[in-house]
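Report on one structure; see the data block that follows.
2 protein chains.
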Amino acid sequence: MNDILSIIQTSMSSLRNSEKKVAEYVLSRPELVIQSSITDIAEKAGISEPTVIRFCRQIKLKGFMDLKLCLARDMPHGQQILENVDFEDSVPEIANKVFTSSKDAINKTLRRLSMDDMERAVEALSQAERIEFYGVGGSGVLALDAHHKFFRLGIPCIAYTDAHMQSMSAALLNANHVVIAISHSGASKDIIESARIAQENGATVIGIQGEKKTPLSKYCTLVLSSNSKEVALKLAPMSSRLAQLAILDALFVAVALSGGETVSRKLEKVKDSLADKRY
Amino acid sequence: MNDILSIIQTSMSSLRNSEKKVAEYVLSRPELVIQSSITDIAEKAGISEPTVIRFCRQIKLKGFMDLKLCLARDMPHGQQILENVDFEDSVPEIANKVFTSSKDAINKTLRRLSMDDMERAVEALSQAERIEFYGVGGSGVLALDAHHKFFRLGIPCIAYTDAHMQSMSAALLNANHVVIAISHSGASKDIIESARIAQENGATVIGIQGEKKTPLSKYCTLVLSSNSKEVALKLAPMSSRLAQLAILDALFVAVALSGGETVSRKLEKVKDSLADKRY
DNA sequence: CTAAATATGTTGTAATTCTACAACTTTAAA
DNA sequence: TTTAAAGTTGTAGAATTACAACATATTTAG
């Protein structure tokens, strides 16, 4: 329990009568309190200024300023209006918008990510005899990246960015195998087809996509999605792909840790193998 | 346009000299600013009090109090100590740490990114006759991703993940060409060698790396770095690679916009070309 | 019902933010 | 080079704000 509103709520009982009035007012309009002066609060809450200060001290704060600062910290960031980039924007403005939109995508994704599904995915991946990553186009790159991470764990795995190879490989899978099917739109015919084949053969299919419900979902054992509106440039999915990358990162770390010390040693070995390629 | 530190960073160029001092101080010790008075800041930054206020107004805030409150909003609960993941962590905890660390990396990177260098990079890229992306290993994937984005703009470009191909291609470049050399460590012999050759032949070399000063820097016309401590799993650079991806995204958007409407049409065309690959 | 203790309000002070204006610096023009 | 204009920064002080000391009211206990 560290946010100030909860603390006020909890301390309610140990407050004097007039202080309670302050507490109630703060709880009812915290956003407004941040912008008000002590005089405003005293008037609105129908008590005197020192009472407001005494209230602040009572909840273990230094003073009124401290209350405002604490409230500001805990209040979810107003309404962040994410603007689309514009032809008139300067480079710093563009950078700001792209980065902000990326951050936002990561935030939203973490918030909406089903942790149950994440756990099931980690379970499946760490048990898997082999992992296959499927993706085409931009998502193909994500597949390659995921492969590049997971193979370090010593798990046999491969990424296919070629639709034919995906289908062919999917046909050879069984219940001991896991497929991670990546498609931002979740509508790519090739990926859907491969996922279908993989599922028919009993493999666990984990879908990584931009929305929860897509045509691909039907053939997935479970879906991890990066719900986020594309802000920076609607013509190329960027921030949501970044979020998908973060999902894959999280999966990788979780799977790596589930392997215990052994995996750490494997990762070290891989790292050491590159030693003479560097200065 | 979201957090105040980024806004300050972005506005840097449009500030007066003495206001820049304020900006630098605020960026360097934001947590301290929250607890200070105008007088303190004026003294520490070596300027006068009204300058501090003028600085606040310049970045579209109401006044000094407003600055403190905005800083407090963006600096939730002191400095959230980014913990390293642990073998005991549950999957939700891991996801939380990985995502938080990614967000943090993006934040830090935007804040420390030199906008001058970004502008120069965008200028060079949009003038380029050809763009080549070099990377090996994990950074090779970034190179592929960058290629996948930029080629849509109709600019001739290519990504090489093979060290030999990189060197050979670099030897054929001239002043009309731009190389984006990607290396997280900035210490990869292969990439350094290719960058050296490219630079010798007069090409503009843009380095994308994890730190400002690396062996690679020497052969770069300019460097864009993703300064960030790796938190989640020290054995694999993840959050900083995510930040590098964001840098490339920003470059892409900026170059795309510099091309005006023509580019928009090209992007549309590329998108439309995929229509019958989707449901 | 009175006295002590507690709770609240009034007035005043010190600190802080902010404004108006003056001094200085730079730039442009004669 | 000199002069005027514009722009930048600092000084001094006004206005606001948070806070403290004290006075008054209210409650509680004997």
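Those protein sequences? They're chains A and B, same order as listed.
Read left to right, the first sequence gives residues 1 to 279 (my numbering).
Read left to right, the second sequence gives residues 1 to 279 (my numbering).
Just so you know, even glycine gets a beta-carbon here, dropped at the ideal spot from N, CA and C.
Contact check, Leu-173 (chain B) vs Ala-203 (chain B), beta carbons under 8 Å: yes
Listed by chain order, chain A residues near Met-10 (chain B) by CB distance under 7 Å: Note that residue 10 (chain B) is Thr in the sequence shown here, rather than Met. Per Cβ cutoff of 7 Å: Pro-92, Glu-93, Asn-96.
Shortest alpha-carbon distance to Ala-289 (chain A) belongs to which of A:Ala-195, A:His-184, A:Glu-268? Because chain A in this structure spans residues 1 to 279, residue 289 (chain A) falls outside the shown range and cannot be described.
Close beta carbons around Asp-190 (chain A), own chain, < 6 Å, minus the five adjacent residues each side: Val-136, Ala-163
Within chain A, the residues that Ser-107 (chain B) reaches when beta carbons sit closer than 9 Å: At residue 107 (chain B) the sequence reads Asn, which differs from the Ser that was named. Within 9 Å Cβ-Cβ: Phe-99, Lys-103.
Tell me, to the nearest whole angstrom, how far the beta carbon of Leu-224 (chain A) is from that of Ile-247 (chain A); I am working on the premise that it is less than 8 Å. 5 Å
Chain A contact for His-184 (chain B) (CB, 8 Å cutoff): The Cβ of His-184 (chain B) sits no closer than 8 Å to any Cβ of chain A.
Alpha-carbon spacing of Thr-51 (chain B) relative to Ala-42 (chain B), whole angstroms: 8 Å
8 Å is my cut-off, CB to CB: does Phe-150 (chain A) come that close to chain B? At least 8 Å separates the CB of Phe-150 (chain A) from every CB of chain B.
Which residues in chain A sit within 7 Å of Glu-132 (chain B), going by Cβ to Cβ distance? None at all; the shortest Cβ gap to chain A is about 17 Å.
Hey, does Asp-272 (chain B) have any beta-carbon neighbour from chain A nearer than 8 Å? For Asp-272 (chain B), no CB of chain A lies under 8 Å from its own CB, so it is not counted at the interface with that chain.
What do you get for Ser-14 (chain B), buried or exposed, if any count of 16 or more other CB atoms within 10 angstroms of its CB means buried? exposed
Mind reading off the beta-carbon distance from Pro-156 (chain B) to Arg-130 (chain B)? Whole number of angstroms is fine, and I expect it under 8 Å. 5 Å between Cβ atoms; contact.
Measuring CB to CB, does Leu-222 (chain B) end up less than 8 Å from Ile-206 (chain B)? Between Leu-222 (chain B) and Ile-206 (chain B), the gap from beta carbon to beta carbon is short of 8 Å.
Determine the contact status of Ser-102 (chain B) and Ser-239 (chain B), defining contact as a CB-CB distance below 8 Å. Yes.
Can you look up Cys-157 (chain A) in the DSSP assignment and give me helix, strand or coil? strand
Would you say Leu-251 (chain A) and Leu-110 (chain A) are within 8 Å of each other, going by their C-beta atoms? no
Close beta carbons around Met-75 (chain B), own chain, < 8 Å, minus the five adjacent residues each side: Within the same chain, Met-75 (chain B) has close Cβ partners Pro-30, Glu-31, Ile-34.
Whole-angstrom distance between Asp-86 (chain B) and Leu-257 (chain A), CA atom to CA atom: Within the model, the alpha-carbon separation for Leu-257 (chain A) versus Asp-86 (chain B) is close to 8 Å.
Bridge partners for His-177 (chain A) per DSSP, in chain order? DSSP lists A:Arg-130 as partners of His-177 (chain A).
Using only the alpha-carbon positions, how far apart do Ser-114 (chain A) and Asn-227 (chain A) sit? 11 Å
Determine the direct distance from the alpha carbon of Ile-8 (chain A) to that of Leu-108 (chain A), and round the result to whole angstroms. It is Lys, not Leu, that sits at residue 108 (chain A) in the sequence shown. Taking the straight line from one Cα to the other gives about 28 Å.
Any Cβ of chain A within less than 8 Å of the Cβ of Lys-44 (chain B)? no
DSSP has Lys-209 (chain A) in a bridge; who is on the other side? At residue 209 (chain A) the sequence reads Gln, which differs from the Lys that was named. In DSSP, Gln-209 (chain A) forms a bridge with A:Ser-183, A:Ser-225.
Can you tell which of B:Lys-60, B:Glu-24, B:Lys-62 has its C-alpha closest to the C-alpha of Lys-44 (chain B)? Answer by Cα proximity: B:Glu-24.
Considering only residues of the same chain and omitting the five flanking positions on each side of Ala-72 (chain A), which have a CB-CB separation below 8 Å? Excluding positions up to five away in sequence, the list reads Ile-34.
Coarse secondary structure for Arg-278 (chain B), derived from DSSP in three states: strand
Just the chain A side, please: which residues come within less than 8 Å of Val-178 (chain B) by C-beta, in chain order? Chain A residues near Val-178 (chain B): none, gap ~16 Å exceeds 8 Å.
What does the Cβ neighbour count give for Asp-272 (chain A), buried or exposed, with the cut at 16 atoms within 10 Å? exposed
Do you know whose CA, among B:Tyr-134, B:Met-65, B:Gly-138, lies nearest Pro-237 (chain B)'s CA? B:Gly-138
Below 7 Å CB to CB, which residues in the same chain sit around Lys-21 (chain A) once its five sequence neighbours on both sides are set aside? Ala-45, Gly-46, Ile-47
What in chain A is Cβ-close to Gly-260 (chain B), meaning under 7 Å? Phe-87
Our contact map puts Ser-217 (chain A) next to Gly-186 (chain A) with C-beta atoms below 8 Å; I'd like the distance itself, whole angstroms only. 7 Å
Below 8 Å on the Cβ atoms is my guess for His-184 (chain B) versus Arg-112 (chain B); work out the distance and round it to an integer in Å. That pair is no contact at about 16 Å.
Take Leu-61 (chain B) and list the residues in its own chain whose beta-carbon comes closer than 7 Å to its own, dropping the five residues that flank it on each side. Leu-67, Cys-70
Check the Cβ of Val-122 (chain A) against every Cβ in chain B and list those closer than 7 Å, keeping chain order. Those are Val-91, listed as they occur along chain B.
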